[in-house]
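Heads up: the sequence shown runs through residues 0 to 437, numbered per numbering that gives the first Met the number 0.
Heads up, the beta-carbon is just placed ideally off N, CA and C, and yes, glycines get one too.
Structure first, commentary second.
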Amino acid sequence: MKIKTFATTLAAMWLLSAAALFSAESPLVEFEIVVRQKPMLLDKYFEIVRDTVEVPVGKKLLTSLVNFSLDLRVERADSQTVEFTAHLVTFGSNPYNFANRFKIEYGLPARLENIPGKGNSFYQILLSPRTLTDPAAGQCQFDPDLSGQFNVDPTNNFDIYYIKNSLADYHWNNIKNYLEAEFTRFRETFELSAPGKMNLYLCPCPVPTIHWDKRFGYMLDPGRSNIYTIYTHEFKSLDAILPNILRLMRLWGYAPPFMTEGLAGYFEFSGYEIKKLRRDGKIPSLKTMLTASSYFQAEPRTAETVAASFVKFLTDKYGPAKIKQWYQVADDLNIYREFEAVYGQPLDSLERQWIEYIDTLTLDRRLFDFYASRAGSLYRSDQQINYLEEMSRRDRNLRDSLETWSKLASVYYQNGNYYQAEKGYRILLAHEPKQSAF
């Protein structure tokens with residue numbers, strides 16, 4: 000997923016979505032959420048992740064952590080206490096549902112206990128209200144739960160929700176073709192057959208009833224088969240790996256994000272990105288990235304690239320069946336041990352083989368052509384230009400060069416890079432002066 004980091008653009012997006020703002024908003028209750036896990040043979044909980052969320056009073060917030068989706072609804076809040084309900088649904092083919100109502104003072108934790116995990120382990124969730132604050136100016140008015148705001152059009156695998164006359168509406172056909180093609184080849188490769196469609200929401204601004212991923216600006220709710228994304232001129236969090244992650248978690252359950260995002264990114268251009276990291280000496284040790292907490296501490300694009308490259312290496316070398324076997328038994332407490340049990344080798348040994356694979360990997364120019372076209376389908380022009388420029392460095396003859404420059408000059412021109420476009424067209428005209436298209 001090659002997009003701008005969500006946190007760096009959020010403030011700008013609020014300012015630029017003036018048509019979608021409203022002034023009279025509910026105050027917010029900030030909660031700290033801590034997820035802990037207890038293995039079967041130990042009477043002790045280990046912290047997996049922690050996060051903070053802000054819930055509008057009188058409304059519901061949807062978030063997703065570790066192996067569950069969580070709805071938090073604050074009914075009432077004053078300076079002393081908060082009354083709220085919590086409803087969770089675990090991931091996987093046999094989801095576990097639980098709900099409870101709490102009235103609690105600030106700073107004290109409400110507990111959700113005995114949530115089932117893999118291998119007869121259990122999770123515990125601590126929900127601690129921290130503060131009552133006023134909302135930031137310029138919050139988005141749209142809410143996917145309200146009827147009448149979003150239009151919906153179906154495709155083979157998706158129901159796509161969008162705001163009429165928004166950018167997503169204008170790009171709807173491109174989005175449909177991109178998602179259908181990418182999800183179909185992923186589903187067929189890993190045999191992820193399941194009834195029912197996925198619901199994709201293309202939001203024109205970051206709606207406050209969704210707790211957006213702080214790295215890339217999306218939210219997944221596998222239990223309801225919902226994907227929430229932001230789609231504007233300034234920021235697009237839509238990406239092909241999101242349906243893949245959702246379907247993996249809905250069918251196979253939770254695995255640490257190194258595995259889930261790595262496997263979901265099997266068809267991403269990780270070979271190109273990992274070779275750049277290798278060249279710059281920026282590939283971290285795999286041992287420092289396997290658990291959710293360590294994965295989220297890493298630089299997001301680096302973590303995503305490393306996970307996708309290593310999982311692709313394992314899949315191509317040992318087959319999809321072993322990856323599925325590892326996925327279905329791994330959690331944050333046992334992922335390292337289960338890896339060695341499944342593959343019969345130490346992680347260090349396979350990590351060295353993976354580095355050798357990176358060093359010997361060659362990238363055909365046709366790959367750059369394919370991924371440039373893919374980037375262009377979602378109007379990611381910077382990425383499209385980068386891939387086409389890399390493609391030009393791999394041209395082997397005049398025919399290759401003319402093909403590349405015909406595409407590159409056109410993209411330069413469409414994006415207002417007229418000096419580079421002129422250079423490209425001069426190259427083309429020098430070899431084909433009678434070509435009227437130039």
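Here the alpha carbon of Gly343 sits roughly 51 Å from the alpha carbon of Asn414.
Counting every other CB atom within 10 Å of its CB across the protein chains shown gives Pro345 a total below 16, marking it as exposed.
Inter-residue distance for Trp353 and Asp77 is about 55 Å (C-alpha atoms, whole angstroms). Within the same chain, Gln36, Asn66, Tyr122 and Asp330 come within 7 Å of Gly116 by CB-CB distance, once the 5 residues on both sides are set aside. The region 355 to 365 makes contact with the region 388 to 399, as at least three CB pairs between them are under 8 Å. Residue pairing by DSSP places Tyr122 opposite Gln36 and Ile114 in a beta bridge. Boundaries of the alpha helix (DSSP H) harbouring Met248: Ile240 to Trp251, taken from the DSSP string. Given a length threshold of 3 residues, each whole run of the beta strand (DSSP E) inside the region 53 to 89 is given here in chain order: 59 to 64, 67 to 76 and 80 to 89. Selection Ala239, Thr359, Tyr217 and Pro143 evaluated against Leu64 yields Tyr217 as nearest (Cα-Cα). When secondary structure is reduced to three states using DSSP, Ala297 falls in the coil class, being assigned neither helix nor strand. Taking C-alpha positions only, Leu131 is separated from Val81 by approximately 9 Å.
DSSP places Lys102 in the uninterrupted beta strand (DSSP E) bounded by Asn96 to Glu104. Ile209 sits in a strand when the DSSP states are folded into three classes. Pro128 is bridged by DSSP to Phe30.
Under DSSP, Pro153 forms a beta bridge with Asp158. At the C-beta level, Arg186 and Pro221 stay beyond 7 Å of one another.
DSSP, read as helix, strand or coil, puts Gln383 in helix. In this structure, Ala306 keeps its C-beta atom at 7 Å or more from the C-beta atom of Glu272. Contact between Val56 and Val28 holds: CB atoms are separated by about 6 Å, below the 8 Å threshold. DSSP, read as helix, strand or coil, puts Tyr227 in strand. Between Lys59 and Thr208 the beta-carbon gap is near 6 Å, inside 8 Å, which marks them as a contact.
For Tyr200, the enclosing beta strand (DSSP E) starts and ends at Met197 to Cys202. Tyr424 is classed as buried because its beta carbon has at least 16 other beta carbons within 10 Å across all chains shown. In this structure, DSSP gives Phe189 a helical state, which the three-state scheme calls helix. When secondary structure is reduced to three states using DSSP, Thr361 falls in the coil class, being assigned neither helix nor strand. The continuous alpha helix (DSSP H) containing Asp168 extends over residues Leu166 to Tyr169. Under DSSP, Met218 forms a beta bridge with Tyr227. With a minimum length of 4 residues, the unbroken runs of alpha helix (DSSP H) contained wholly in the region 277 to 353 fall at 291 to 296, 299 to 317, 319 to 328 and 334 to 342. Looking at the DSSP output, Asp50 sits in a beta bridge with Ile32. Residue environment for Pro194: exposed (fewer than 16 other C-beta atoms within 10 angstroms of its C-beta). When secondary structure is reduced to three states using DSSP, Ala254 falls in the coil class, being assigned neither helix nor strand.
Here Phe45 is bridged, per DSSP, to Gln36. Bridge pairing for Lys422: absent [DSSP]. For Lys175, the secondary structure class from DSSP, reduced to helix, strand or coil, is helix.
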